[in-house]
């Protein structure tokens, strides 16, 4: 299991194609060869939405869904079942009932150190992983977003990131051909009417398999 | 907020197909909601009502984003921008960890003067050393249980050193080596008594609330999607599926 874990460690670079877009993954289910499972972002959005919805309906304050840093530490600790989630739930319930005095038995450097550790992972993933693939302006974008988050917070970083994403998107797509011919294929149709037309005008009809830009598929 | 996290955890346990997800109140959204509530509302009941309703509507919007397949817009996030967010998450966690370890606020100049104090410096150094050691153990350990054992071992070692040096918990709390004991004495269910619609000042909601809510609803699903993408990078056992159906 450990071998599989190490060999299948994700790289952000692996998630994108040569155009910088997220790759399509063919299988939406478990992959027994790599012991990995694919999950739908939409499903996770629905779960996160329901979690926040029910939390608020029951009188809870704030927006609650998946928390990144404890989840990462749970994943890094080898969590493959819901044991970590159940443990977290039990500790939270005990803290709620007994009181937050439980926290006073923890050293701040210890909790801070775990946060520091999770942060280093993301920082290295962000600025070092795949550094050879970037142009200088692209690498500058990474640092602009990171520095914005330090001084102006996450919301500002997301905002400036969306603006930069738009600019990079325009720049990248303006350099790619509008229509790319992949291959010419033979006319084919299951419709009898269309088949008749194809048969009559075979010389005049050209059918091509092309790749082109399309928004909001 | 703890209650909110508990309910969210139950929902994740019941519904999420990815094991090991831990929930909590969003550190991105909550300060924003709280500051907006403080500006827009006048009574405590109004603040509670505002936070409750924004949570409710944020949840609804995030859920609808999933239903209507809006995560496909993630396609238009270029790789450097996504990586920039990862770096931003990392930087905020590192600064947050350092701040927590020695009661600092490193983004202000005044906090840097506190580093001249030896105890503060030692606490900060312990945090950084522990964080780096965790990274080293995680990358070098051949066994899955190596990292959690190391994390627990350090906690045990801390208390062993504390008691071996004739120290007691109270003096450790006073010097900042343990979190201070909270002084609040209210019961955990007391916040439900604050939810009184009659005492809510609804008039202030019509002026500034729409802008705050639109901003929030726009950013929250993006925040969740980016968090999932960030988790995927660190995970060895799951991959996000193609968002475009």
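Protein chains in written order, with our numbering: chain W, 1 to 217; chain G, 1 to 245.
Using N, Cα and C, we set each Cβ at its ideal position, and we do this for glycine too.
Alpha carbon of residue i to alpha carbon of residue j, nearest angstrom
i: residue 110 (chain W); j: residue 144 (chain G); result: 21 angstroms
i: residue 24 (chain G); j: residue 227 (chain G); result: 13 angstroms
i: residue 64 (chain G); j: residue 175 (chain W); result: 35 angstroms
i: residue 105 (chain G); j: residue 158 (chain W); result: 22 angstroms
i: residue 163 (chain G); j: residue 172 (chain G); result: 10 angstroms
i: residue 61 (chain W); j: residue 171 (chain W); result: 42 angstroms
i: residue 219 (chain W); j: residue 88 (chain W); result: Outside the shown range of chain W (1 to 217) lies residue 219 (chain W), about which nothing can therefore be said.
i: residue 166 (chain W); j: residue 3 (chain G); result: 38 angstroms
i: residue 231 (chain G); j: residue 84 (chain W); result: 15 angstroms
i: residue 182 (chain G); j: residue 94 (chain W); result: 16 angstroms
i: residue 12 (chain G); j: residue 115 (chain G); result: 41 angstroms
i: residue 193 (chain G); j: residue 45 (chain G); result: 9 angstroms
i: residue 294 (chain W); j: residue 132 (chain W); result: With chain W covering 1 to 217 only, the question about residue 294 (chain W) has no answer from this structure.
i: residue 130 (chain G); j: residue 139 (chain G); result: 14 angstroms
i: residue 78 (chain W); j: residue 168 (chain G); result: 34 angstroms
i: residue 96 (chain W); j: residue 138 (chain W); result: 46 angstroms
i: residue 92 (chain W); j: residue 9 (chain G); result: 10 angstroms
i: residue 136 (chain G); j: residue 100 (chain G); result: 22 angstroms
i: residue 69 (chain W); j: residue 26 (chain G); result: 11 angstroms
i: residue 180 (chain G); j: residue 71 (chain G); result: 42 angstroms
i: residue 33 (chain W); j: residue 40 (chain W); result: In this predicted model, residue 33 (chain W) has a pLDDT of only 48, less than 50, meaning its place in the structure is not dependable; the value taken from the coordinates is given anyway. When rounded, the distance between both Cα atoms is 20 angstroms.
i: residue 170 (chain G); j: residue 103 (chain W); result: 13 angstroms
i: residue 100 (chain W); j: residue 81 (chain G); result: 38 angstroms
Beta-bridge partners of residue i, as assigned by DSSP
i: residue 56 (chain W); result: Beta-bridge pairing links residue 56 (chain W) to no other residue.
i: residue 65 (chain W); result: G:24
Collapsed DSSP secondary structure at residue i in the structure displayed
i: residue 108 (chain G); result: coil
i: residue 135 (chain W); result: coil
i: residue 168 (chain G); result: coil
i: residue 199 (chain W); result: helix
i: residue 145 (chain G); result: coil
i: residue 196 (chain G); result: coil
i: residue 204 (chain W); result: coil
i: residue 103 (chain G); result: coil
i: residue 119 (chain G); result: helix
i: residue 27 (chain W); result: Any reading at residue 27 (chain W) must be qualified, since the residue scores a pLDDT of 33, below 50, and its modelled position is unreliable; the value itself is stated next. It is coil, neither helix nor strand.
i: residue 68 (chain G); result: coil
i: residue 81 (chain W); result: coil
i: residue 102 (chain W); result: helix
i: residue 107 (chain W); result: coil
i: residue 17 (chain G); result: coil
i: residue 257 (chain G); result: The question about residue 257 (chain G) has no answer here: the residues shown for chain G are numbered 1 through 245.
i: residue 201 (chain G); result: coil
i: residue 180 (chain G); result: coil
i: residue 129 (chain W); result: coil
i: residue 78 (chain G); result: coil
Inter-residue CB distance, residue i and residue j (contact presumed, cutoff 8 angstroms)
i: residue 247 (chain G); j: residue 126 (chain W); result: An answer regarding residue 247 (chain G) cannot be provided, because it is not within the stretch 1 to 245 covered by chain G.
i: residue 141 (chain W); j: residue 84 (chain G); result: 6 angstroms
i: residue 175 (chain G); j: residue 119 (chain G); result: 6 angstroms
i: residue 55 (chain G); j: residue 52 (chain W); result: 6 angstroms
i: residue 76 (chain W); j: residue 147 (chain G); result: 6 angstroms
i: residue 45 (chain W); j: residue 60 (chain G); result: Actually they are not in contact, since the Cβ atoms of residue 45 (chain W) and residue 60 (chain G) sit about 12 angstroms apart, beyond 8 angstroms.
i: residue 160 (chain W); j: residue 144 (chain W); result: 7 angstroms
i: residue 122 (chain G); j: residue 98 (chain G); result: That pair is no contact at about 13 angstroms.
Identity of the residue in the options nearest residue i by Cα
i: residue 81 (chain W); options: G:47, G:22, G:225 and G:122; result: G:22
i: residue 228 (chain W); options: G:131, G:121, G:93 and G:106; result: The question about residue 228 (chain W) has no answer here: the residues shown for chain W are numbered 1 through 217.
i: residue 68 (chain G); options: W:42, W:200 and W:101; result: W:42
i: residue 135 (chain W); options: G:79, G:19, G:196 and G:59; result: G:79
i: residue 102 (chain G); options: G:192, G:87 and G:127; result: G:127
i: residue 203 (chain G); options: G:100, G:49, G:124 and G:82; result: G:49
i: residue 96 (chain G); options: W:75, W:108 and W:48; result: W:108
i: residue 199 (chain G); options: G:47, G:60 and G:158; result: G:47
i: residue 5 (chain G); options: W:124, W:86, W:101 and W:73; result: W:86
i: residue 52 (chain G); options: G:1, G:117 and G:157; result: G:1
i: residue 7 (chain G); options: W:63, W:148, W:173 and W:150; result: W:63
i: residue 47 (chain W); options: G:66, G:57 and G:157; result: G:66
i: residue 116 (chain W); options: G:220, G:153 and G:132; result: G:132
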